[in-house]
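FYI, the numbering used here numbers position 94 of the sequence shown as 85, with every residue one higher than the one before it.
Worksheet for the structure shown next.
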Amino acid sequence: ETLAPAFPHCDLLFVNEDEARATTQRDTPREMAAALRHLGATDIILKLGPRGCIVYEGAATTHIPAFAVTAVDTTGAGDCFAGAFFAALHRGYSLTEAARIANAMGAMVVSHIGATTGVTDWDQTLRFAAHCPAAESLPT
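Take a look at the structure:
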């Protein structure tokens, strides 16, 4: 009830799975995105933690898998994901390309203890994204 009036004014909504579930009372990512769009959200980045994220852009839906890493600490992963995402957009990357780079940053962060210990520079993040294998899991 509190957030819903803001959705029609958002060009891009970042939401994790728990937040989307609580907001929409829906169970699957597809249902959550549909409900968020019904509330007025346009493009949506639905973060799925170890399963990556889903980009809902216009009529397109793209699952961006997570990277295959061992998570030791998730502190700061969401904030670093967002920072990398917007850094990529600022550099002209598409939403799906930005989501892949953001997943890479999130994977690097959760691979280290501490909120920013795994944060590297732009070039190292791109190398990580190019060479680290994707995880096998798919969204539900």
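Glycine residues also receive a C-beta, built at the ideal position from the N, C-alpha and C atoms.
*Thr65 vs Val101 beta-carbon contact at 9 Å*: yes
*asked:* Can you check which of these residues, Ala121, Met23 and Tyr47, is closest to Leu3 by C-alpha distance?
replied: Tyr47
*Measure the C-alpha to C-alpha separation of Arg118 and Ile35 and round it to an integer number of angstroms.*
26 Å
*Among Ala11, Arg21, Leu86 and Thr108, the one whose alpha carbon lies nearest that of Ala73*: Leu86
_Going by C-alpha to C-alpha distance, which of Ala121, Arg82, Glu10 and Leu27 sits closest to Leu39?_
Glu10
*9 Å Cβ cutoff met for Ala26 and Thr14*: yes
*asked:* Once DSSP output is grouped into helix, strand and coil, what is the label at Asp70?
replied: Judged by DSSP in its simplified three-state form, Asp70 adopts helix.
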